[in-house]
Amino acid sequence: MTGTSSDPSPASPDQAGRPARGRLLVLAGPSGVGKSSVVAGLREALPELLFSVSATTRPARPGEVDGRDYRFVSREEFDALIERGELLEWAEVHGGLQRSGTPREPVERALAAGRPVLVEVDLQGARSVKRVLPEAVTVFVAPPSMEELARRLTDRGTDTPEQRARRLRTAIEEMEARHEFDEVVVNDDLRAVIGRLVALVVDRDAARGLGPPSASGVST
1098 MTGTSSDPSP
1108 ASPDQAGRPA
1118 RGRLLVLAGP
1128 SGVGKSSVVA
1138 GLREALPELL
1148 FSVSATTRPA
1158 RPGEVDGRDY
1168 RFVSREEFDA
1178 LIERGELLEW
1188 AEVHGGLQRS
1198 GTPREPVERA
1208 LAAGRPVLVE
1218 VDLQGARSVK
1228 RVLPEAVTVF
1238 VAPPSMEELA
1248 RRLTDRGTDT
1258 PEQRARRLRT
1268 AIEEMEARHE
1278 FDEVVVNDDL
1288 RAVIGRLVAL
1298 VVDRDAARGL
1308 GPPSASGVST
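Residues in the sequence shown are numbered from 1098 upward in steps of one, following the working numbering.
Right, dumping it as structure tokens:
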């Protein structure tokens, strides 16, 4: 249920000889903002990073691979994961049409071993993970503007006009909640965004000093 390009790379041990607990980065943002590109760039920059593959009930998009991009399951299978307590968080999205969630065991195992972990979730998921694991660093990926987000969704060509309209309505709600996150990055320069996230993973002092970010630089 998880994927990475190298073997575990534990953090420096503590005084008792145990590996320091890994850093958990929680990434969220509107559909079409470019989270997949950010995730791909971050995984390339940090080979030791473990990317938690979410379980979802939505159909796979062209080019997506089960177990690599997402764990694609039926609603019945998803219900079973909930009942067994195997999800760190889960939520219904887009008016209850889909469900998504984060498998618990791979994340907790990697953090205990000192590995950095990246989780990509929606707004509800980010809130849930932060409640369960307060040490998580939450990052909101914002578009340069809502007009640019609408253009990206149209260019993606995977949704009907009704689906795009629904995603944009959801995006407005998500943008209004961005102040809840430890960090807000505007995805108008992919390399700069990846560089900032790498710093949050590898520099504990930088992440420790995070506070509620300003909303400057984001046009709604």
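Idealized CB from N, CA, C, for every residue including glycine.
Since this is a predicted model, take the numbers as computed values, not measurements.
- When DSSP states are grouped into helix, strand and coil, Glu-1232 belongs to the coil group.
- Among the bridge pairs identified by DSSP, Leu-1122 is matched with Leu-1215 and Val-1234.
- Beta-bridge partners assigned by DSSP to Gly-1138: none are found.
- Sixteen is the threshold: since fewer than 16 other Cβ atoms of the shown chains lie within 10 Å of the Cβ of Val-1162, the residue is exposed.
- In chain order, Val-1123, Ala-1125 and Thr-1235 place their CB closer than 6 Å to the CB of Ala-1223, counting only its own chain and leaving out the 5 sequence neighbours on each side.
- With three or more CB-CB distances shorter than 8 Å, the region 1198-1214 counts as touching the region 1142-1157.
- In the structure shown, Ala-1223 adopts helical secondary structure according to DSSP, grouped into three states.
- Distances from the alpha-carbon of Glu-1245 to those of Val-1229, Val-1295 and Asn-1284 put Asn-1284 closest.
- By the CB criterion at 8 Å, Thr-1154 and Val-1170 fall inside the cutoff.
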